[in-house]
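One structure is given here, and the rest of the page talks about it.
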Amino acid sequence: NAGVMQNPRHLVRRRGQEARLRCSPMKGHSHVYWYRQLPEEGLKFMVYLQKENIIDESGMPKERFSAEFPKEGPSILRIQQVVRGDSAAYFCASSPEKTRTPNTGELFFGEGSRLTVL
Amino acid sequence: AQSVTQLDSQVPVFEEAPVELRCNYSSSVSVYLFWYVQYPNQGLQLLLKYLSGSTLVKGINGFEAEFNKSQTSFHLRKPSVHISDTAEYFCALTSGTYKYIFGTGTRLKVLA
């Protein structure tokens, strides 16, 4: 499967624990985006990463959330000390190298990771 | 600020009937518009997109959408739905950045 791979698909955590969500972009894609879908809401942009660089994290909560995309391995979205309000579906998307602006390209989405905080 | 509104959270329709899923947007600058579909337990898949040119856009699986600038709408239509079209449909826009603005989604349920 050459699509965007996310794991785990479902994750249950108790309040105060840490959640780690992983995303492997499509082959040949070097741009990764994380979106969050809260219940009854649309997907909202969180962060945009390239290999070893955070390009834009303006949609990330200021505390407890962090993201990385190391030179080797998947992108990781990390949520420390989870609270019930973090329960959501977290989607990763990827896109190929951009050679021009504006960006009108398609985002390729994974199946999402559904986090439930008890 | 930009926004996307999908007023219908759920749309039930009988098989082989036509369907229209509504999407309205707000933006002070030109935008590019998208419809994504999410089948149960799957990721989002692009149905179609409007970038420029003809306002009637055809996508996969027999879907089409019409961009109406004066009404700031981008409604999705299909003349005859199948059971397999049961899914959640998201309208989205971008003004040329990677920050897509998504609507809250419309659940299409096709009834036998």
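Heads up: the sequence lines are chains A and B, in that order.
Taking this note's numbering, the leading residue of the first sequence gets 2, the next gets one more, and so forth.
Taking this note's numbering, the leading residue of the second sequence gets 27, the next gets one more, and so forth.
A virtual CB, placed ideally from N, CA and C, is assigned to each residue, including glycine.
Predicted, not measured: the structure shown is a model, and the values here were computed from it.
#1: Tell me, please, whether the CB atom of THR100 of chain A is closer than 8 Å to any CB atom in chain B?
#2: Considering only residues of the same chain and omitting the five flanking positions on each side of THR98 of chain B, which have a CB-CB separation below 7 Å?
#3: Mapping the DSSP letters down to three states, classify ASN50 of chain B as helix, strand or coil.
#4: Could you say which of A:ASN54, A:GLY60, A:HIS30 and A:PRO62 lies nearest to GLU107 of chain A if we only look at CA atoms?
#5: Do LEU78 of chain A and ALA89 of chain A come within 8 Å of each other at the CB atom, strictly closer than that value?
#6: Quick check on THR81 of chain B: buried or exposed, where buried means 16 or more other Cβ atoms within 10 Å of its Cβ?
#7: Can you check the region 18-65 of chain A for any alpha helix (DSSP H) of at least 4 residues that lies completely inside it and give the ranges in chain order?
#8: Can you tell me whether ARG85 of chain A is helix, strand or coil according to DSSP?
#9: Which residues does DSSP pair with HIS101 of chain B in a beta bridge?
#10: Is THR100 of chain A buried or exposed, if buried means 16 or more other CB atoms sit within 10 Å of its CB?
#11: Given PHE60 of chain B, which residues of its chain have a CB within under 6 Å of its CB, disregarding the five upstream and five downstream residues?
#12: When you compare the CB positions of GLY79 of chain B and VAL5 of chain A, do they come within less than 8 Å of one another, or not?
Let me lay it out:
#1: For THR100 of chain A, the predicted structure reports a pLDDT of 49, less than 50, and the residue's modelled location is therefore unreliable. A value from the coordinates is still provided. Chain B contact via Cβ: absent.
#2: In the same chain as THR98 of chain B, and ignoring 5 residues on each side of it, the C-beta atoms closer than 7 Å to its own belong to ASN50, TYR51 and SER52, in chain order.
#3: Secondary structure at ASN50 of chain B: strand, using DSSP grouped into helix, strand and coil.
#4: The candidate whose alpha carbon is nearest that of GLU107 of chain A is A:HIS30.
#5: Inclusion of ALA89 of chain A and LEU78 of chain A in the CB contact set at 8 Å is not warranted, their separation being larger than that value.
#6: By the neighbour-count criterion, in which 16 or more other beta carbons inside 10 Å mark a residue as buried, THR81 of chain B falls on the exposed side.
#7: Assignment of alpha helix (DSSP H) within the region 18-65 of chain A, counting only whole runs of 4 or more residues, yields no such run.
#8: Helix.
#9: Answer is B:GLU92.
#10: With a pLDDT of 49 at THR100 of chain A, under the threshold of 50, the predicted position of this residue should be treated as unreliable, though the coordinate-derived value follows. That one is exposed.
#11: Closer than 6 Å at the Cβ level, and outside the excluded window around PHE60 of chain B, lie LYS75 and ALA118.
#12: No, Cβ-Cβ distance for GLY79 of chain B and VAL5 of chain A is not below 8 Å.
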